[in-house]
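Student: The numbering of the sequence shown is our numbering, which starts it at 11 and goes up by one.
Pasting a structure below so you can have a look.
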Amino acid sequence: MIFNLLIGFGLIILLILLRITYKTARLYLIYKNKYGNQVKILFYPILGLAYFMQNSLKLHDDGYQFLKQIVKENPKVKAIIILSGFMDIFIANDNEWIKYLSQDQKQFYKDDAFFGYDSLHGEGMPFCDYNRWKKQRLFLNSSFHFDSLKQRVPILKDEINNFCSFLKPSDGFVKINCYNQLKLITSEFFTRTFFGRPFKDVKCKNGKNISLEICDICSDGYTLRISSLYFIIKAAIFGCAKASHILQSQAEKKIMNRIRDLYSIVEGVVDEKISEMSKMKDLIQYQPTNFSELYVKEYLLQQKNIQNYKKEDIISKVELVQQYLTFFFAGTDTTAQLTSMCLYEISKNPSIKEKIFSELKQCGKNYEQLESSDLQKLPYLDAIIRECNRLYSVVAFLFPRRTDTNYQRGDLYIDKDLLATNRLIQYADEKEFFNESEKFIPERFLNQKNVQQLSPYDMIPFSSGERICIGQNMAIMEAKFLILYILTHFEIAEVPNYKLRMSQFMINQPVDLEIIQIKRI
Ligand code: HEM
Numbered sequence: 011m012i013f014n015l016l017i018g019f020g021l022i023i024l025l026i027l028l029r030i031t032y033k034t035a036r037l038y039l040i041y042k043n044k045y046g047n048q049v050k051i052l053f054y055p056i057l058g059l060a061y062f063m064q065n066s067l068k069l070h071d072d073g074y075q076f077l078k079q080i081v082k083e084n085p086k087v088k089a090i091i092i093l094s095g096f097m098d099i100f101i102a103n104d105n106e107w108i109k110y111l112s113q114d115q116k117q118f119y120k121d122d123a124f125f126g127y128d129s130l131h132g133e134g135m136p137f138c139d140y141n142r143w144k145k146q147r148l149f150l151n152s153s154f155h156f157d158s159l160k161q162r163v164p165i166l167k168d169e170i171n172n173f174c175s176f177l178k179p180s181d182g183f184v185k186i187n188c189y190n191q192l193k194l195i196t197s198e199f200f201t202r203t204f205f206g207r208p209f210k211d212v213k214c215k216n217g218k219n220i221s222l223e224i225c226d227i228c229s230d231g232y233t234l235r236i237s238s239l240y241f242i243i244k245a246a247i248f249g250c251a252k253a254s255h256i257l258q259s260q261a262e263k264k265i266m267n268r269i270r271d272l273y274s275i276v277e278g279v280v281d282e283k284i285s286e287m288s289k290m291k292d293l294i295q296y297q298p299t300n301f302s303e304l305y306v307k308e309y310l311l312q313q314k315n316i317q318n319y320k321k322e323d324i325i326s327k328v329e330l331v332q333q334y335l336t337f338f339f340a341g342t343d344t345t346a347q348l349t350s351m352c353l354y355e356i357s358k359n360p361s362i363k364e365k366i367f368s369e370l371k372q373c374g375k376n377y378e379q380l381e382s383s384d385l386q387k388l389p390y391l392d393a394i395i396r397e398c399n400r401l402y403s404v405v406a407f408l409f410p411r412r413t414d415t416n417y418q419r420g421d422l423y424i425d426k427d428l429l430a431t432n433r434l435i436q437y438a439d440e441k442e443f444f445n446e447s448e449k450f451i452p453e454r455f456l457n458q459k460n461v462q463q464l465s466p467y468d469m470i471p472f473s474s475g476e477r478i479c480i481g482q483n484m485a486i487m488e489a490k491f492l493i494l495y496i497l498t499h500f501e502i503a504e505v506p507n508y509k510l511r512m513s514q515f516m517i518n519q520p521v522d523l524e525i526i527q528i529k530r531i
């Protein structure tokens, strides 16, 4: 019996090794023959990208430094291909190739992100199939227009007032997990304006605040996806979504239970809204006041005449819940991270604060009087945000995409065995714009001669083309109000001996999150 088991186990290992060898050799030969040194090919069995990122973190305190270095040393490199035999990734670096991929989204789909992603976001905007996505995007776009955002400023300011409300002037300087403090604000702003209700008192079974928990689940699911050998092998056989639900390890079961808990909380909120709106006498005439009402109104109107709709147009309750969960995550983590990095840079260089204040003075308003239209009059603050997006790219790459048939456009070929993605920030520092590219220099965005050198695909922190981030204006508006509020109400200072180490945890963020000290004025 034991002998048979050992033979069986040995055969599985052999099959795995054969698969790795065959797939890797095939892709290596195709790309070397086609492109020679124009593509850089890296290989590490099974772990692939995760190995290079972990190594890079150890050596350079930055999980992406290895990629930055490849491009700096060879600025003409058109793509970096990371092979593992299981999760083989093609990262486009050439601007023309990035353009092709941005324009041809219809040919690609996403079926791989992190453990359990399908249970949280499968029917949500980033992952649903192309035709459904198109309808969702059209339906939701207006909620993110500048005019719609403008009306939400009073709620944003109201929420921002809660930033570190536990701190008193007498506490002096205190080290804070700036990222978590900001997430509480960004998520609450989002939920109040989009769901029409606060969430801050809603707790998960493990006692965590719901918005912190959703970010933690995505992050834990991502770490498991890229570093658990067991899950990597399972995902290679069944695909990431299916693998999340079968033959679960203890660690996987724990994450899945947290996902179920979160889902059922949000489902309860959706049910409440459905029940409230279904009692409305004149639903057709009712003007929704937020994103959630807009969605639920459409859902209820469809339900009344369900026979008149094509199956693919029908909004299901799962879509409603997963769309909530999608925006809950997308609207929270990213913006908090961008703002944290801006505060980190400001803490290192107090003259930045003075420059921001002098710009604010020229604008003729203080923080309390500031409206969203005034933000356009603050180009230096804008340059700080752009420079942080460049230096710390919150999202370093798009979610990897798959294609069912080999993709060819111009001289770009993507084999169907590869997952394809774009880099979002240019790492090559040939252009004068990128002088001293490792340094934080917001002024580079104020020099028009320099900015004109940029191609439209050198800096796309919010992606580009039809799948560009729907929340980009919202994120920038939030970051600006947050920074101005914090600088007006707090002193910020560096954490002594703090060493910044950046790594990928679903988003690109510092390993040690207590990145600044603050003191209430
Ligand atoms: C600094 C903040 C942010 C950054 C850097 C960022 C970045 C991105 C990027 C790069 C994508 C493309 C992902 C892909 O196609 O694989 C994306 C998509 C998306 N983002 Fe953002 N985002 C931010 C804030 C927000 C906010 C505040 C929201 C919503 C409130 C949001 C909602 C979304 C959604 C729904 C998508 C999917 C869009 C689609 O597929 O059509 N994001 N974001």
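For each residue, glycine too, the CB sits at the ideal point set by N, CA and C.
Since the model is a prediction, treat every value here as computed from it, not as a measurement.
#1: In angstroms with no decimal places, state the Cα-to-Cα distance between N14 and L27.
#2: Could you give the distance in angstroms between the alpha-carbon of Q115 and the alpha-carbon of D121?
#3: Are there 16 or more other CB atoms within 10 angstroms of the CB of N376, so buried, or fewer, so exposed?
#4: CA-CA distance, R36 and F53?
#5: Just to check, is the beta-carbon of A489 closer than 8 Å to a non-hydrogen atom of ligand 1?
#6: Going by beta-carbon coordinates alone, are Q332 and L130 separated by less than 9 Å?
#7: Just to confirm, is the Cβ distance from N33 to D98 under 9 Å?
#8: Flag this pair as yes or no: are the beta carbons of I269 and G126 separated by less than 9 Å?
#9: Curious, which full-length alpha helix (DSSP H) runs of at least 4 residues does the region 129 to 183 contain?
#10: So, L192 versus F173, is the Cβ gap smaller than 9 Å?
#11: Using the DSSP secondary-structure output, state which residues sit across from D513 in a beta bridge.
#12: Could you compute how far the alpha carbon of A89 sits from the alpha carbon of K50?
#13: At what residue ranges does the region 272 to 318 contain a whole run of the beta strand (DSSP E), taking only runs of 3 or more?
#14: From the DSSP output, in three-state form, read off L380 for me.
#15: Please tell me whether, using a cut-off of 8 Å, the distance from the CB of N477 to the nearest non-hydrogen atom of ligand 1 is below it.
#16: With the cut-off set at 9 Å, would you say T345 and T201 are in Cβ contact?
#17: When burial is assigned at 16 or more other CB atoms within 10 Å of the CB, is E262 buried or exposed?
#18: In angstroms with no decimal places, state the Cα-to-Cα distance between S152 and I56.
#19: Using only alpha-carbon positions, find the residue among R419, D168, T431 and F455 that is nearest to P389.
#20: For I486 versus D343, is the C-beta distance shorter than 9 Å?
#21: Hey, which unbroken runs of the beta strand (DSSP E) at 3 residues or more fall wholly within the region 414 to 459?
#22: Helix, strand or coil: which one does DSSP assign to R202?
#23: From what residue to what residue does the alpha helix (DSSP H) around A485 run?
#24: A245 lies in the beta strand (DSSP E); which residues open and close that run?
#25: By Cβ distance below 7 Å, which residues in the same chain neighbour L222 in space, the five residues on each side in sequence not counted?
#26: Can you name the residues that DSSP bridges to Y119?
#27: Could you check if M290 is buried or exposed, using at least 16 other CB atoms within 10 Å of its CB as the buried criterion?
Tutor: Reading off the structure:
#1: Going from the Cα of N14 to the Cα of L27 covers about 20 Å.
#2: About 14 Å.
#3: Answer is exposed; the Cβ neighbour count stays below 16.
#4: A straight line joining the alpha-carbon of R36 with that of F53 spans about 13 Å.
#5: It does: the Cβ of A489 is within 8 Å (strictly closer) of some heavy atom of ligand 1.
#6: Result yes, Cβ atoms of Q332 and L130 sit closer than 9 Å.
#7: According to the sequence shown, residue 33 is Lys rather than Asn. Cβ atoms of K33 and D98: closer than 9 Å.
#8: Yes, these two residues count as a Cβ contact at 9 Å.
#9: DSSP runs (the alpha helix (DSSP H)) wholly in the region 129 to 183: 140 to 150, 156 to 160 and 163 to 170.
#10: Going by C-beta atoms, L192 is nearer than 9 Å to F173.
#11: First, the amino acid is wrong: residue 513 is Ser here, not Asp. In DSSP, S513 forms a bridge with Q519.
#12: A direct Cα-to-Cα measurement between A89 and K50 gives close to 6 Å.
#13: DSSP runs (the beta strand (DSSP E)) wholly in the region 272 to 318: none.
#14: Coil.
#15: The residue asked about is misnamed: residue 477 is Arg in this sequence, not Asn. Flag set: Cβ of R477 near ligand 1.
#16: For T345 and T201, no; Cβs fall outside 9 Å.
#17: Flag for E262 reads buried.
#18: Straight across, the Cα-Cα distance linking S152 with I56 is about 43 Å.
#19: It is F455.
#20: D343 sits away from I486, with the two beta carbons spaced by 9 Å or more.
#21: Within the region 414 to 459, the complete beta strand (DSSP E) segments of 3 residues or longer fall at 417 to 419, 422 to 424 and 429 to 432, listed in chain order.
#22: Helix at R202.
#23: It spans Q482 to H499 - the alpha helix (DSSP H) in which A485 sits, taken as one unbroken run.
#24: Secondary structure note for A245: it is in no beta strand (DSSP E), and the uninterrupted alpha helix (DSSP H) holding it is L239 to F248.
#25: Cβ within range, chain order: N190 and K193.
#26: Residue pairing by DSSP puts Y119 in a beta bridge opposite R412.
#27: With fewer than 16 other CB atoms across the displayed protein chains lying within 10 angstroms of its CB, M290 is exposed.
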